[in-house]
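Working notes for the structure below.
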Amino acid sequence: MTKLFKQLPTHIAIIMDGNGRWATKRGMPRNYGHREGVKAIERTIEACLKYNIKYCTFFAFSTENWKRSKEEIDGIFELLREYISKNDNIFIEKQVKLRHIGEIEPFPDDLKACLVDIEKKTEDFDKLTITFALNYGGRNEIVRAINKLLQNGNKSIDEQVFLSQLDTKGLPEPDFVIRTSGEQRVSNFMLYQMAYSEFYFPKICWPSFNEKHFVKSLREFEKRKRRYGGV
């Protein structure tokens with residue numbers, strides 16, 4: 001499949017925006033939009049495997065999402081439980097590594113156990129790495145990294161030392177960021193890591209995102225000339 005494209009991103013980061021608006025427009029509760037959004041995640045993972053994308057990170061729950069209603073938050077947690085349980089064997093069969101970034105300590109104990117279990121089961125796979133950003137915020141991540149460096153007694157640091165303390169340690173920086181629903185902002189997502197990312201803002205809401213939209217996104221990335229400050 002890679003021969004279809006002149007260049008492909010190594011790491012796609014996705015801000016899955018528009019679930020609630022998509023549902024409201026259809027006269028349905030917001031959590032219905034989140035449930036349909038999970039199906040879009042499944043379609044996207046299949047597309048990543050098909051088009052040989054090695055890393056994909058989904059912004060699933062931000063540090064700011066705690067401001068939402070308890071009903072909506074509980075619904076998101078339940079969907080995450082269902083998703084891991086449903087796809088446990090599929091991840092193993094397709095050799096997909098699952099990991100998370102962010103602070104999951106405030107999450108329910110059973111959900112934390114599910115996450116730890118699937119990460120352990122898939123830690124040796126390298127066909128595709130899927131990362132879920134959970135209770136994640138870019139500013140929070142940077143502050144936590146600085147505090148770890150201070151606790152370690154570091155007097156001076158360089159970029160590599162700093163990167164080693166971020167949640168994304170071991171992941172390449174995202175070269176392509178997709179935010180659905182037409183909004184054009186990063187919303188506190190991977191602030192340090194996006195220094196040289198290419199951005200794409202399709203107007204479609206996340207629950208409607210499918211392989212056709214995925215390929216269109218890859219075509220957009222294919223057009224980009226990545227100079228990194230050069231000419």
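The numbering of the sequence shown is the working numbering, which starts it at 1 and goes up by one. Ideal Cβ placement from N, Cα and C applies to all residues, glycine included. Since this is a predicted model, take the numbers as computed values, not measurements.
Rounded straight-line distance, which links the Cα of residue 38 to that of residue 188
Answer to the nearest angstrom: the Cα atoms are 22 Å apart.
Count the other CB atoms, across all protein chains shown, that sit within 10 Å of the CB of residue 129; report buried if there are 16 or more and exposed otherwise.
Looking at its Cβ environment, which holds 16 or more other Cβ atoms inside 10 Å, residue 129 is buried.
Local Cβ density within 10 Å of residue 66, reported as buried at 16 or more and exposed below that
Result: exposed.
Could you check which residue in 13, 107 and 35 has the C-alpha nearest to that of residue 131?
Comparing Cα positions, the closest option is 13.
Assuming residue 208 contacts residue 178 (C-beta within less than 8 Å), just tell me the rounded distance between them.
Going by Cβ atoms, the distance from residue 208 to residue 178 rounds to 13 Å, so no, they are not a contact pair.
Can you check whether the CB of residue 91 is closer than 8 Å to the CB of residue 118?
In this structure, residue 118 sits near residue 91, with a CB-CB distance shorter than 8 Å.
Cα-Cα separation, residue 211 to residue 143:
Taking the CA atoms as reference points, residue 211 sits about 37 Å from residue 143.
Reduced DSSP secondary structure (H/G/I, E/B, other) of residue 96
Note: residue 96 maps to strand in three-state DSSP.
Leaving aside the five residues before and after residue 139 along the sequence, list all residues of the same chain whose C-beta is less than 7 Å from its C-beta, in chain order.
In the same chain as residue 139, and ignoring 5 residues on each side of it, the C-beta atoms closer than 7 Å to its own belong to 188 and 191, in chain order.
Kindly confirm or deny that the region 148-162 and the region 105-113 touch, where touching means at least three C-beta pairs closer than 8 Å.
No, because fewer than three Cβ pairs between the region 148-162 and the region 105-113 fall closer than 8 Å, the two stretches do not touch.
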